[in-house]
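In what follows, a structure is listed as structure tokens, so that the remarks can point back to it.
Numbering (our numbering), first residue to last: 3 to 189.
Put into structure tokens, the structure is as follows:
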């Protein structure tokens with residue numbers, strides 16, 4: 003929200019964010035181009051909060067929702083949490099906070115490295131687009147969603163400049179199962 007309201011910023015990315023997260027009054031709706039990213043199984047900031055932000059935006063906007071991912075799927079901590087088998091050993095100390103801390107970082111969720119790759123692709127493409135850099139490897143079209151497994155939905159809507167000028171593209175792709183390390187490997 004801060005980036006969307008800052009006059010020095012031309013475009014912003016919201017990752018698992020929303021308009022009003024903790025019951026505070028909703029801020030002014032940002033008027034800058036936005037990429038809104040959500041995880042469909044997020045227990046910290048429900049995807050519907052991110053969706054509300056996306057729907058409220060009346061500017062050029064892009065929506066990416068990652069299938070079978072949680073709040074921390076986007077973070078560098080997730081692979082470490084998975085490698086140690088979760089954070090259950092900390093439950094006596096942290097209680098229910100363990101569930102929030104490992105949200106998206108448990109067996110059966112989309113591989114966090116895949117989630118991060120998808121996030122990196124779309125954020126890079128978004129910023130290159132709004133910085134005016136042309137790069138064929140960085141695409142903000144629904145065509146790329148079919149290549150990036152783990153995306154459940156991609157939608158793009160440019161700012162409305164008259165009747166019939168808006169469009170929406172959706173692409174659906176399957177979630178890849180978590181890659182298992184070969185027997186005997188330390189990975």
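Built from N, CA and C at the ideal position, the CB exists for glycine as well.
| query | result |
| --- | --- |
| Euclidean distance between Cα positions of residue 106 and residue 39 | 15 Å |
| Simplified DSSP state of residue 161, which is helix, strand or coil | In this prediction, residue 161 has a pLDDT of 49, which is less than 50 and means its spatial position is unreliable; what the coordinates show is noted afterwards. DSSP places residue 161 in coil when its eight states are reduced to three. |
| Separation of residue 63 from residue 11, as counted between CA atoms | 15 Å |
| Contact set for residue 100: own chain, Cβ-Cβ below 7 Å, skip 5 residues either direction | 89, 90, 92, 93 |
| As assigned by DSSP and simplified to three states, the class of residue 30 | coil |
| Proximity to residue 67 [Cα-Cα], best of 115, 44, 58 | 44 |
| Residue 16 (DSSP reduced to helix, strand or coil) | strand |
| Start and end residues, alpha helix (DSSP H) containing residue 51 | 49-58 |
| Among 112, 87, 37, the one whose alpha carbon lies nearest that of residue 73 | 112 |
| Rounded separation between residue 52 and residue 95 - CA only | 31 Å |
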